[in-house]
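Worksheet: the structure to be examined is printed underneath.
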Amino acid sequence: MADPLAVPAGVIGFVSFGITVLKDLITYYQDVKDQDDEIQAVNTQLRRPLEIFTDIQSRIQESNNTVPVVKRRNIESALEKCRAEVEELDKKLQAMQTLDPPKGLRAKTQARFKGLRYPFDGKRTVREIKDIAKGLNGHMMAVMNIFQTDVTLQADKKIDGVAEDVGNVGRDIQKIGNNLEVAEVDRFLRELPRAKGAAFDSQLWAHKSKCLQGTRVDLLNDIMEWCRSSASRPCIYWLSGMAGMGKSTIACTVSKTCDDEKRLGANFFFSKDDEYLKKAQNFVTTIALQLAEHIPDLKPLMNEAIKEKQDISEKTWEIQWRHLITGPLTSLDKKKLEGFVVIIDALDECENNDDIQSILGVLAQANELHTIRLKIFVTSRPETPIRKGFGDMAMKIYQLKLLQDVSRKTIDDDIRIYFQHELKDKITPEEMHCLIEKASGLFIWAVTACLFLRSSSIMKKND
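So, in structure tokens, the structure goes:
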């Protein structure tokens with residue numbers, strides 16, 4: 007007789023099937039990465055349900071495949087709503103995998119690149135997959151909520167178990183007391199809401215590339231010199247540029263370098279294609295949590311601040327910033343710490359213009375810190391709300407770098423390095439020159455061209 011508490015094999019199988027389909031789709035689009043807006047949207051929408059499916063699989067395994075009957079039925083019901091969408095994604099994948107590669111390109115150099123297009127069945131299918139994945143996200147969150155409730159109950163039971171041990175085992179009282187003291191340090195801090203996937207090294211951004219060695223040299227040197235500089239320099243560095251100029255790649259590279267140098271305080275990568283990262287609701291609390299993780303001495307200070315104002319996450323961002331960040335940072339011993347950098351990418355992808363200006367308003371408060379240097383690196387398109395937000399700041403607070411001011415020769419040299427890296431000297435110097443001219447200084451064009459050429463008969467012919 008089957009165990010009445012066992013998770014049905016059909017549920018376990020469906021979760022595994024969902025993981026396989028989503029991984030295969032992501033692999034299919036992996037070369038495209040995030041360089042095109044449509045593909046970036048698909049990657050983002052597919053990775054979110056993959057994370058949830060994987061988390062669910064782990065929770066089932068951790069519970070030894072058993073859950074209460076009522077909860078099991080709720081899980082089955084919620085997952086059933088996801089089935090049609092997962093099966094539809096699988097059909098799309100199977101259809102795309104049977105397509106023939108593009109054919110019929112002319113031999114002449116210019117004709118080869120004139121018909122540049124996606125190496126798969128068009129933008130329509132990409133948008134369809136994005137829409138299906140978006141619906142799947144909503145249903146998956148409902149499943150995750152069921153598991154989250156169970157996790158809370160299990161945590162309560164563990165706490166009760168610790169209390170019982172304290173009463174029964176006298177020799178462990180001191181040890182348990184020490185553990186509780188450590189837990190108390192961030193007890194209230196753990197209750198702050200966090201925007202999942204906001205950090206540059208989260209799974210959501212695993213597909214984002216860094217700058218190739220030898221590219222963006224002068225610009226990266228300028229940014230890192232500012233990151234390492236004294237408090238006399240402006241506390242905010244604004245990197246502005248049009249779409250396709252490589253701002254997010256630069257932000258990832260700066261984040262990785264700062265992280266390696268132990269000077270990364272926090273980072274927040276906005277995304278208009280992510281339900282959570284296009285909103286600024288948890289912006290300040292996410293920055294505060296990351297600062298506490300990178301600066302351990304901040305934990306007890308922030309924890310005490312939250313204890314005094316336990317509804318802090320419901321307050322305005324200005325109050326949150328002063329209470330969670332400015333106050334605790336001011337209390338630190340500056341002799342023990344170097345400066346830290348907060349990196350914010352794609353601020354223009356925050357969906358609310360008023361929120362954008364409010365964010366810039368609180369970031370300007372970094373200029374008021376004197377005990378520790380806190381620097382803010384911001385990338386964005388030159389949108390009106392952002393220009394207005396910076397326009398309201400004193401000029402001494404920020405410095406502006408326009409990507410369009412970088413010389414065309416410098417950009418072309420960087421694009422040449424990229425083509426040489428991606429195409430492995432399989433095109434002639436004349437073809438290389440043609441590609442660089444067509445790119446017109448846009449890295450997104452260069453990336454799309456390489457993806458197309460690697461999948462086309464052009465490269466096969468040159469092999």
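If you count the sequence shown from 1, you need to add 6 to reach my numbering.
Quick reminder that beta carbons are idealized off the backbone N, C-alpha and C, glycines included.
Considering only their Cβ atoms, is the gap separating residue 383 from residue 282 smaller than 7 Å? Not closer than 7 Å, so no.
In terms of DSSP beta bridges, what is residue 272 paired with? In DSSP, residue 272 forms a bridge with 348.
Quick one: using the 10 Å Cβ neighbour count with 16 as the cut-off for buried, is residue 326 buried or exposed? With 16 or more other Cβ atoms within 10 Å, it is buried.
Tell me which residues share the same chain as residue 202 and place their Cβ nearer than 7 Å to its Cβ, disregarding the 5 neighbours each side in the sequence. Hits under 7 Å: 282.
Could you tell me the boundaries of the beta strand (DSSP E) in which residue 278 lies? Unbroken run through residue 278: none, as it is neither H nor E.
Alpha carbon of residue 20 to alpha carbon of residue 90, nearest angstrom: Residue 20 and residue 90 have their C-alpha atoms roughly 11 Å apart.
Under 7 Å, do residue 275 and residue 194 count as touching if we go by C-beta distance? No, the pair does not count as a contact, with Cβ atoms beyond the cut-off.
For residue 229, report the span of its beta strand (DSSP E) as first-last. Per DSSP, residue 229 is not a residue of any beta strand (DSSP E); the alpha helix (DSSP H) it occupies stretches across 223-234.
Report all residues from its chain with a CB closer than 6 Å to the CB of residue 409; omit the five preceding and five following residues, and keep chain order. Closer than 6 Å at Cβ, skipping near neighbours: 247 and 251.
Proximity of residue 291 and residue 319 at Cβ, strictly below 7 Å: A distance below 7 Å separates the beta carbons of residue 291 and residue 319.
So, using beta-carbon positions, are residue 1 and residue 381 closer together than 7 Å? Nothing about residue 1 can be read from this structure; the chain reaches only from 7 to 469.
Per-residue burial, residue 197 [other beta carbons within 10 Å of its own, 16 or more giving buried]: Exposed, because fewer than 16 other Cβ atoms sit within 10 Å of the Cβ of residue 197.
Assuming contact is defined by CB atoms lying nearer than 7 Å, are residue 361 and residue 257 in contact in what I supplied? No. Outside cutoff.
Among the residues of its own chain, which have a CB less than 6 Å from the CB of residue 148, if the five just before and after it don't count? Counting only Cβ-Cβ distances below 6 Å, and skipping sequence neighbours, we find 84.
DSSP-derived helix/strand/coil call for residue 381: Reduced to three states, the DSSP call for residue 381 is strand.
Cutoff 6 Å; reference residue 273; Cβ partners in own chain excluding five residues on either side: Around residue 273: 205, 206, 261 and 349.
N-terminal and C-terminal residue of the alpha helix (DSSP H) that residue 34 is part of: The continuous alpha helix (DSSP H) containing residue 34 extends over residues 15-34.
Range of the contiguous alpha helix (DSSP H) that encloses residue 325: Start and end: 323-327.
With a cut-off of 8 Å, do at least 3 Cβ pairs link the region 21-28 to the region 57-68? Verdict: yes, contact present.
Nearest-angstrom Cα separation, counted from residue 411 out to residue 121: Caution is warranted here: a pLDDT of 36 is assigned to residue 121, below 50, making its placement in the model unreliable, and the coordinate value is therefore given only provisionally. So the alpha carbons of these two residues sit roughly 30 Å apart.
Taking the straight line between their C-alpha atoms, what separation do you get for residue 368 and residue 353? When only Cα atoms are considered, residue 368 and residue 353 end up about 14 Å apart.
Contact belief for residue 4 with residue 88 at Cβ below 8 Å, rounded distance in angstroms: This structure gives no information on residue 4, because the portion of the chain shown stretches from 7 to 469.
Alpha-carbon spacing of residue 95 relative to residue 140, whole angstroms: Distance between the alpha carbons of residue 95 and residue 140: 11 Å.
Return helix, strand or coil for residue 209, following the three-state DSSP convention. Secondary structure of residue 209 (DSSP, three-state): helix.
Please list the terminal residues of the continuous alpha helix (DSSP H) segment that includes residue 444. For residue 444, the uninterrupted alpha helix (DSSP H) run begins and ends at 435-445, by DSSP.
If contacts are defined as beta-carbon pairs under 8 Å, then residue 55 and residue 142 qualify, I think. What distance do you get, rounded to the angstrom? Between residue 142 and residue 55 the Cβ distance is about 5 Å, and since that is below 8 Å, they are a contact.
Environment of residue 80 [buried if 16+ CB atoms lie within 10 Å]: Label assigned to residue 80: buried.
Do you know offhand how far residue 450's Cα is from residue 137's? When rounded, the distance between both Cα atoms is 24 Å.
Tell me the DSSP bridge mates of residue 386? 246, per the DSSP bridge assignment.
Top-ranked residue by Cα proximity to residue 239, from 59, 317 and 345: If we check each option's Cα against that of residue 239, 345 comes out closest.
Relative to the C-alpha of residue 370, which residue among 331, 355 and 357 is closest? For the residues 331, 355 and 357, the minimum Cα distance to residue 370 belongs to 331.
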